[in-house]
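Colleague: I'd like to ask some things about the structure below.
There are 2 protein chains.
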Amino acid sequence: MKRIAESTVRRLSLYLRFLEDFEERGLATISSDELAARGGTTSAQVRKDLSFFGSFGKRGLGYAVPELASRLRDILGLGREWRVIIIGAGKIGSALAQYRGFTQRGFHVVGVYDSDPAKIGKRIDGFSVRDLATLERDMAREDVDIAVLTVPAEAAQQVVTRVVKAGIGAVMNFAPVQLQVPDHIALKNVNMAMELEGLSFALANRTGLDE
Amino acid sequence: MKRIAESTVRRLSLYLRFLEDFEERGLATISSDELAARGGTTSAQVRKDLSFFGSFGKRGLGYAVPELASRLRDILGLGREWRVIIIGAGKIGSALAQYRGFTQRGFHVVGVYDSDPAKIGKRIDGFSVRDLATLERDMAREDVDIAVLTVPAEAAQQVVTRVVKAGIGAVMNFAPVQLQVPDHIALKNVNMAMELEGLSFALANRTGLDE
DNA sequence: TTAGCTTTGTGAAGGAATTCACAAGCCCCT
DNA sequence: AGGGGCTTGTGAATTCCTTCACAAAGCTAA
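Chains as they are written, first to last, in the numbering used here: chain A, 36 to 246; chain B, 36 to 246.
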């Protein structure tokens, strides 16, 4: 398959959310134009994005809402449950562990880890925080697809090396460092400070930057 | 000034973090090559990014670490304090209110709001959660630069309209909706679900997508 | 002072993503 | 059955971003 741009995948994700909205409201079809208006993009962009994966619409009519939603879920791999561990039971890690949006979209948190003895054993939303030392043993026992890293920046590289070695497929990194991982591992960085600095730049330079 | 790409600003933010690292360790100069290696990019990219704002290096030598760091802070508007309000005192909002990284980089949280009577008045890390109804009155009294939105998706557009009307300059939106704001308002979306779906896509399609 | 090594700054080239624009297809109405 | 009105799917054009490649400059050492 042709390489799909990151930006395309992000938009597919957006489209899906709108489609689910429409689905709930019982609408049968939607046009690329309507989808575009919701997502702040253009109808050509919507059609191009979808065209990478096939042609799902009917000319003159638009897209069948439930069908397109279902196709997008397939494309995005949301048909199955992904098993997630959260490493780092601090503020952010705990908030994420309790975040309902995860489960709603098929991301099932199976474990929360920390290396701080004060946190190990604590209960967070039904999970008992596990000792990071047992990570490898646990991962050998239970399948884990995605690791969410909410550890301090200094520890992040070391931890990611461990989860990669233990066979993780994807990593979501909240630490403000650029992690080194092998090419076949999917890596996403979420960096609050960087986002804020983007806003700061815009404010300082009075540039609108609506995404 | 020429329009600066979003991606460039993100990288500047990264570079700055590395420079601060180097600064702490007392290194005097750094080359575009070293900066690039840290940031997972190329030296040409680093030089091009910087070139939009001037020429800060010395040929044959590289960049003076403290000087470049200081220039980047200026460019990113980190020389001053930005005043931030958080709207939505749920899990994520509370975690952000307590997030030290904000203050460390000059983002000063001046208020936390909610409209739920059960949350109003509660203390979060030194703040008493304010009634959202008083938003406009408060904003007229105290300068606010940035609003962080951690409200439910259904409420987000309505709330953003209010803060924009009240004179906000920038918005960081955690709700999984695409907000409509005037062109002159800077808007950043942080969307956990979208990031996860990016990973899901990568896993489902076995595509490495190191950013 | 000059030669040799290094690294910047930047036009030009190349590549990637978005937008344009239109033929092809579908539906409805008469 | 044919015409009119819409909307898709997609090559081509365009715009935006990254990479190349090299002249210009600085430093060191002899």
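Just so it is clear, CB atoms sit at the ideal spot from N, CA and C, and this is done for glycine as well.
Considering only the beta carbon of each residue, do G74 of chain A and Q215 of chain B sit closer than 9 Å?
Modeller: As a working note, residue 74 of chain A is residue 39 in the first sequence. As a working note, residue 215 of chain B is residue 180 in the second sequence. For G74 of chain A and Q215 of chain B, no; Cβs fall outside 9 Å.
Colleague: Could you check which residue in A:L70, A:L111, A:Q80 has the C-alpha nearest to that of G97 of chain A?
Modeller: Numbered from its first residue, the first sequence carries residue 97 of chain A at position 62. The shortest Cα separation from G97 of chain A among A:L70, A:L111, A:Q80 belongs to A:L70.
Colleague: Can you list the residues of chain A that R73 of chain B reaches, using a CB-CB cut of under 8 Å?
Modeller: Your numbering for residue 73 of chain B matches position 38 in the second sequence. Near R73 of chain B (Cβ distances below 8 Å), the residues of chain A are Q213.
Colleague: What does the Cβ neighbour count give for D178 of chain B, buried or exposed, with the cut at 16 atoms within 10 Å?
Modeller: To locate residue 178 of chain B, count along the second sequence from 1; it is residue 143. Flag for D178 of chain B reads exposed.
Colleague: Where do the ends of the beta strand (DSSP E) carrying N226 of chain A lie?
Modeller: As a working mapping, residue 226 of chain A is identified with position 191 in the first sequence. First-last for N226 of chain A: undefined, no H or E at that position.
Colleague: Measure from the C-beta of L231 of chain A to each C-beta in chain B and report whether the shortest distance is under 9 Å.
Modeller: Your numbering for residue 231 of chain A matches position 196 in the first sequence. L231 of chain A counts as touching chain B.
Colleague: To the nearest angstrom, how far is the alpha carbon of L54 of chain A from that of R38 of chain B?
Modeller: For the purposes of this step, residue 54 of chain A is identified with residue 19 of the first sequence, where counting begins at 1. For the purposes of this step, residue 38 of chain B is identified with residue 3 of the second sequence, where counting begins at 1. Answer to the nearest angstrom: the Cα atoms are 34 Å apart.
Colleague: Near V212 of chain A, what residues of its chain come up, given a Cβ to Cβ distance below 6 Å and the 5 sequence neighbours on each side ignored?
Modeller: As a position in the first sequence, residue 212 of chain A is number 177, starting the count at 1. Correct list, in chain order: A188, A191.
Colleague: Indicate whether at least one CB of chain A lies closer than 9 Å to the CB of A191 of chain B.
Modeller: Here residue 191 of chain B refers to the residue found at position 156 of the second sequence. No, A191 of chain B lies away from the interface with chain A (no Cβ there is under 9 Å from its Cβ).
Colleague: To which residues does DSSP link T64 of chain B through a beta bridge?
Modeller: On the second sequence, position 29 is the one that residue 64 of chain B refers to. Beta-bridge pairing links T64 of chain B to B:A99.
Colleague: Let me make sure I understand the geometry here. Which of B:V183, B:L51, B:Q133, B:T77 has the alpha-carbon closest to that of G161 of chain B?
Modeller: As a working mapping, residue 161 of chain B is identified with position 126 in the second sequence. It is B:Q133.
Colleague: Compare the C-alpha of A168 of chain A against each of A:V144, A:Q193, A:G61 and name the closest.
Modeller: Residue mapping note: residue 168 of chain A aligns to position 133 of the first sequence, counting from 1. With distances taken between Cα atoms, A168 of chain A lies closest to A:Q193.
Colleague: Does the region 118 to 129 of chain B come close enough to the region 129 to 145 of chain A that 3 or more CB-CB pairs lie under 8 Å?
Modeller: Yes: at least three Cβ pairs fall under 8 Å.
Colleague: Of all the options B:V206, B:V183, B:S67, B:A239, which has the alpha carbon lying nearest to the alpha carbon of D84 of chain B?
Modeller: The residue given as residue 84 of chain B occupies position 49 in the second sequence. Nearest option by C-alpha distance: B:S67.
Colleague: Give me the DSSP bridge partner(s) of G146 of chain A.
Modeller: Against the first sequence, residue 146 of chain A aligns to sequence position 111. According to DSSP, G146 of chain A bridges with A:I120.
Colleague: Please report the distance separating the alpha-carbon of A153 of chain A from that of F142 of chain B.
Modeller: For the purposes of this step, residue 153 of chain A is taken as residue 118 along the first sequence, with counting starting at 1. For the purposes of this step, residue 142 of chain B is taken as residue 107 along the second sequence, with counting starting at 1. The alpha-carbon atoms of A153 of chain A and F142 of chain B are separated by roughly 30 Å.
Colleague: Under 8 Å between beta-carbons, which chain B residues line up against F88 of chain A? List them in chain order, please.
Modeller: Residue numbering aside, residue 88 of chain A sits at position 53 when the first sequence is read from its first letter. By Cβ distance, chain B contributes nothing, its closest Cβ being about 10 Å from F88 of chain A, past 8 Å.
Colleague: Anything in chain B within Cβ reach of I181 of chain A, meaning under 9 Å, just list it in chain order.
Modeller: Along the first sequence, one-based indexing puts residue 181 of chain A at 146. Chain B residues near I181 of chain A: L231, L234, S235, L238.
Colleague: Could you tell me if R52 of chain B is buried or exposed, where buried requires 16 or more neighbouring beta carbons within 10 angstroms of its beta carbon?
Modeller: Within the second sequence, numbered from 1, the residue matching residue 52 of chain B stands at position 17. R52 of chain B comes out buried.
Colleague: Any beta-carbon of chain A closer than 9 Å to the one on Q133 of chain B?
Modeller: If you number the second sequence from 1, residue 133 of chain B lands on position 98. Yes, its Cβ sits closer than 9 Å to a Cβ of chain A.
Colleague: Taking the CB atoms as reference points, tell me whether R165 of chain A and V183 of chain A lie closer together than 9 Å.
Modeller: Taking the first sequence and counting its residues from 1, one reaches residue 165 of chain A at position 130. Taking the first sequence and counting its residues from 1, one reaches residue 183 of chain A at position 148. No, they are not a contact pair.
Colleague: Could you work out which residue in A:D56, A:L222, A:V119, A:M207 is closest to T185 of chain A when comparing CA atoms only?
Modeller: Taking the first sequence and counting its residues from 1, the one referred to as residue 185 of chain A is at position 150. Of the candidates A:D56, A:L222, A:V119, A:M207, the one whose C-alpha sits nearest the C-alpha of T185 of chain A is A:M207.
Colleague: Give a yes or no on whether 9 Å exceeds the smallest Cβ distance from I65 of chain B to chain A.
Modeller: Locating residue 65 of chain B in the second sequence gives position 30, counting from the first residue. Chain A, which has no Cβ nearer than 9 Å to the Cβ of I65 of chain B, makes this no.
Colleague: Can you check which of these residues, B:R241, B:M174, B:I122, is closest to D151 of chain B by C-alpha distance?
Modeller: Numbered from its first residue, the second sequence carries residue 151 of chain B at position 116. Here the closest residue by C-alpha is B:I122.
Colleague: May I ask which residues mark the beginning and end of the alpha helix (DSSP H) holding I127 of chain A?
Modeller: Counting from one through the first sequence, the residue named residue 127 of chain A turns up at place 92. Where I127 of chain A is concerned, the enclosing alpha helix (DSSP H) stretches over 126 to 132.
Colleague: Do you know how far the Cα of Y50 of chain A is from the Cα of S78 of chain A?
Modeller: Reading the first sequence from its first residue, position 43 is the one you call residue 78 of chain A. Reading the first sequence from its first residue, position 15 is the one you call residue 50 of chain A. Using only the alpha carbons, I get a separation of about 12 Å.
Colleague: So what does DSSP say about E246 of chain B, is it helix, strand or coil?
Modeller: As a first step, residue 246 of chain B is located in the second sequence; it is residue number 211 there, counting from the start. Note on E246 of chain B: pLDDT 45, under 50, position unreliable in the model; the coordinate value appears next. Reduced to three states, the DSSP call for E246 of chain B is coil.
Colleague: Listing by chain order, which chain A residues have their CB less than 7 Å from the CB of V44 of chain B?
Modeller: Position 9 of the second sequence, counting from 1, holds the residue named residue 44 of chain B. Residues of chain A passing the Cβ test: G233, F236.
Colleague: So, at 6 Å on beta carbons, what are the nonlocal neighbours of V81 of chain A in its own chain, with the 5 sequence-adjacent residues on each side left out?
Modeller: Within the first sequence, the letter at position 46 stands for residue 81 of chain A. The answer, listed in chain order, is S67, L70, A71.
Colleague: Taking the straight line between their C-alpha atoms, what separation do you get for A205 of chain A and A175 of chain B?
Modeller: As a first step, residue 205 of chain A must be located in the first sequence, where it is residue number 170. As a first step, residue 175 of chain B must be located in the second sequence, where it is residue number 140. Rounded to the nearest angstrom, the two C-alpha atoms are 46 Å apart.
Colleague: Where DSSP assigns a beta bridge to M207 of chain B, which residues make up the other side?
Modeller: Here residue 207 of chain B corresponds to residue number 172 of the second sequence, with the count starting at 1. Partner(s): B:V183, B:K223.
Colleague: Look up I159 of chain B in the DSSP assignment and give the residues it is bridged to.
Modeller: Against the second sequence, residue 159 of chain B aligns to sequence position 124. Answer by DSSP bridge pairing, in chain order: B:F162.
Colleague: For the alpha helix (DSSP H) containing A201 of chain B, list its first residue and its last residue.
Modeller: As a position in the second sequence, residue 201 of chain B is number 166, starting the count at 1. That residue, A201 of chain B, is in no alpha helix (DSSP H); it is neither H nor E in DSSP.
Colleague: Residue range of the alpha helix (DSSP H) that V81 of chain B falls in?
Modeller: Residue 81 of chain B sits at position 46 when you count from the first residue of the second sequence. Run containing V81 of chain B: 78 to 86, per the alpha helix (DSSP H) assignment.
Colleague: In its own chain, which residues sit with a C-beta less than 7 Å from the C-beta of G156 of chain B, not counting the 5 before and 5 after it?
Modeller: The residue you call residue 156 of chain B lines up with position 121 of the second sequence. Result list for G156 of chain B: S163, V164, in chain order.
Colleague: Counting only the same chain and skipping the five closest in sequence on each side, list residues whose C-beta sits under 8 Å from that of R158 of chain A.
Modeller: Counting from 1 along the first sequence, the entry for residue 158 of chain A is found at position 123. The residues are V164.
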